[in-house]
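Top to bottom, those sequences are chains Z and V. Here the first sequence is numbered in full-length UniProt numbering, starting from 1 and rising by one per residue. Here the second sequence is numbered in full-length UniProt numbering, starting from 1 and rising by one per residue. Following: one structure in structure tokens, then a few remarks.
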Amino acid sequence: MESHPSYSALAPILRKYPRAAGALFQAYNDVVFAQQWTDVEVIELEACGRAAIKGRKPKTEIDLHVVPCTLSETVSFAWLQDAFTLLENPAGIYLAITSEDASIVYYKISQGIVKPPV
Amino acid sequence: MAADLQRIRLRISNKKAYIWDVDDISTVRSKHHICGILTGTLPHLSQQNAFLGIPLVLMPEEVVLLVENGFPLHLEYAILVDDPHAHHQPNLEQLEKWNVEQQEVIKQQIAVLEAKGAKESTNTGRAMSAEALRKRQAREENRAAKEKLLQAGGDPESLGGLLAPEVSLEAGSRPQGQDTPESKTLSSGHTVVIPASSTSSLDWYDPNASCSYTTIAAAKAAGIWDYPSTLQERAKCGVFRSLWEQGYFMGGGIKFGGDYLVYPGDPLRYHSHFAASVLDSPLSSLRTMEIVAHGRLGTATKKAHLLCGWDDEKKDVSYLTIEWAGFG
Numbered sequence: 001m002e003s004h005p006s007y008s009a010l011a012p013i014l015r016k017y018p019r020a021a022g023a024l025f026q027a028y029n030d031v032v033f034a035q036q037w038t039d040v041e042v043i044e045l046e047a048c049g050r051a052a053i054k055g056r057k058p059k060t061e062i063d064l065h066v067v068p069c070t071l072s073e074t075v076s077f078a079w080l081q082d083a084f085t086l087l088e089n090p091a092g093i094y095l096a097i098t099s100e101d102a103s104i105v106y107y108k109i110s111q112g113i114v115k116p117p118v
Numbered sequence: 001m002a003a004d005l006q007r008i009r010l011r012i013s014n015k016k017a018y019i020w021d022v023d024d025i026s027t028v029r030s031k032h033h034i035c036g037i038l039t040g041t042l043p044h045l046s047q048q049n050a051f052l053g054i055p056l057v058l059m060p061e062e063v064v065l066l067v068e069n070g071f072p073l074h075l076e077y078a079i080l081v082d083d084p085h086a087h088h089q090p091n092l093e094q095l096e097k098w099n100v101e102q103q104e105v106i107k108q109q110i111a112v113l114e115a116k117g118a119k120e121s122t123n124t125g126r127a128m129s130a131e132a133l134r135k136r137q138a139r140e141e142n143r144a145a146k147e148k149l150l151q152a153g154g155d156p157e158s159l160g161g162l163l164a165p166e167v168s169l170e171a172g173s174r175p176q177g178q179d180t181p182e183s184k185t186l187s188s189g190h191t192v193v194i195p196a197s198s199t200s201s202l203d204w205y206d207p208n209a210s211c212s213y214t215t216i217a218a219a220k221a222a223g224i225w226d227y228p229s230t231l232q233e234r235a236k237c238g239v240f241r242s243l244w245e246q247g248y249f250m251g252g253g254i255k256f257g258g259d260y261l262v263y264p265g266d267p268l269r270y271h272s273h274f275a276a277s278v279l280d281s282p283l284s285s286l287r288t289m290e291i292v293a294h295g296r297l298g299t300a301t302k303k304a305h306l307l308c309g310w311d312d313e314k315k316d317v318s319y320l321t322i323e324w325a326g327f328g
């Protein structure tokens, strides 16, 4: 684990939020290596008991936010709203939901009533 | 009470609300964006469910909204009628009158049936009665005329006069002069008019006495209505009202795993954009698996899923929209 290329960037936050460590590690690696996002940083979300990932899709200039969680977690409406508040109210966040078999799925959560794309 | 104030009677039976008046159904739909669901079947075709009629059943949230609003600007307001108690004990005179009317209807039906039976029995085996011969001749002439017309490249509908003999035979008593094109298509088609009426025309039906309620509280006190009584029911009423006030139309959400389907306009005109589920409180638990299920189903059906978070202290709704991110 210590020899993983992501370890040095994540180590302090993984130690601080051990319960969310697995999801963060998996989501961070997927965002950086599979989705190839750039300018990736980790932002602490204390009220949500974890850290979020900020970054940009390849060849774009817009900051996007990923909040990792696992499939077995139970969250709440307030938890999602806290994440929005701590990330300074972006229009949307991506919830990265991880499972034990290392699969990951992203869902976009937007504030308010947002019409689906046609 | 002003005479021009229209009362929309929501008839309560077994704590469910029904609208039996077609004009009221049209009013609540067109003016108040409340659709309900038609549930009445045809008396002799109770198994079919493609074409349902009155009564219209309302969702309890719709009832609460209609009654609370009152619509003073539209000169309409909805009242809850305790329907079983609006049927009073009929007196002897009323019963006798009703009985006489029933007997007349029965006589009429028997007469019609007999006439039909007599007609059919004379027609068996392509009977050569004068009537049948005349009809057949008329039909053949008609067909010949139509063919001639088609060969000439004309429109058969434009020569309505040619079709008149057959139609007027079928229509029977209709005066010739009133044979408009519409009446022709109707009489030659399979339109069946079902005289559906509620029991409100009965002499002993009187909803005005002591069994109408203009507020939810009064109806609750009378024991005929109890929605909303729990936190979840209050949350649903609050969310329903909030969406309604933003101009959306709501239908039942069972088909998409939510509480409501949210339409941008009349559901007959639009597809729904959202499936909505109601969360009773900001802290009520939400499994991430639900987010995956709602998000994926919504995206597959070109809808987004709405999480509607009710705050019972602030009486306020917040919304979050879920869709698939498109990657990962």
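In this text, a Cβ means the ideal position worked out from N, Cα and C, and glycines have one as well.
For the region 74-98 of chain Z, the set of positions with a beta-carbon nearer than 9 Å to some beta-carbon of chain V reads 74, 75, 76, 77, 78, 79, 80, 81, 84, 92, 94, 95, 96 and 97 in chain order. Closer than 8 Å to the CB of residue 111 of chain Z there is at least one CB belonging to chain V.
Beta-bridge annotation (DSSP): residue 311 of chain V is paired with V/316. With its beta carbon less than 8 Å from one in chain V, residue 108 of chain Z belongs to the interface. In this model, residue 14 of chain V and residue 20 of chain V are separated by some 15 Å (Cα to Cα). In the three-state reduction of the DSSP assignment, residue 48 of chain Z falls in the helix class. DSSP lists V/260 as the bridge partner or partners of residue 252 of chain V.
Residue state for residue 90 of chain Z is assigned as coil, using DSSP reduced to three classes. The beta-carbon separation of residue 256 of chain V and residue 297 of chain V, rounded to 6 Å, stays under the 8 Å limit for a contact. Relative to residue 19 of chain Z, the option among Z/9, Z/69 and Z/8 whose CA is nearest is Z/69. Considering only V/271, V/210 and V/312, the residue with the shortest C-alpha distance to residue 229 of chain V is V/312.
If you check the CB distance, residue 287 of chain V and residue 74 of chain Z come in under 8 Å.
About 6 Å separates the beta carbons of residue 113 of chain Z and residue 321 of chain V, which is inside the 8 Å limit, making them a contact pair. Counting the other CB atoms within 10 Å of its CB gives residue 108 of chain Z a total of 16 or more, which places it among the buried residues. Residue-level contact by beta carbon holds for residue 273 of chain V and chain Z, with a gap shorter than 8 Å.
Under DSSP, residue 277 of chain V shares a beta bridge with V/307. Membership of residue 26 of chain V in the alpha helix (DSSP H) is indicated by the continuous run 22-30.
For residue 115 of chain Z, a Cβ of chain V is located within less than 8 Å of the residue's own Cβ.
Relative to residue 317 of chain V, the option among V/293, V/304 and V/245 whose CA is nearest is V/245.
Among the residues facing chain V, residue 30 of chain Z is included, as its CB has a counterpart in that chain under 8 Å away. Here residue 85 of chain Z carries a helix assignment [DSSP, helix/strand/coil]. Counting C-beta atoms within 10 angstroms of its own C-beta, residue 55 of chain V has 16 or more neighbours from the protein chains shown and is therefore classed as buried.
Between the alpha carbons of residue 69 of chain V and residue 115 of chain V lies a gap of roughly 53 Å.
For residue 35 of chain Z, the nearest beta carbon of chain V is closer than 8 Å to its own beta carbon. Taking a Cβ-Cβ threshold of 8 Å, the residues of chain V close to residue 104 of chain Z are 328, in chain order. In this structure, residue 309 of chain V keeps its C-beta atom at 8 Å or more from the C-beta atom of residue 276 of chain V.
Interface annotation, residue 10 of chain Z: not in contact with chain V, CB-CB separation never under 8 Å. The residue from V/94, V/16, V/23 and V/139 with its alpha-carbon nearest to that of residue 6 of chain V is V/23.
For residue 41 of chain Z, the secondary structure class from DSSP, reduced to helix, strand or coil, is strand. Proximity of chain V to residue 71 of chain Z at the Cβ level (cut-off 9 Å) is accounted for by 287, 288, 289 and 292, in chain order.
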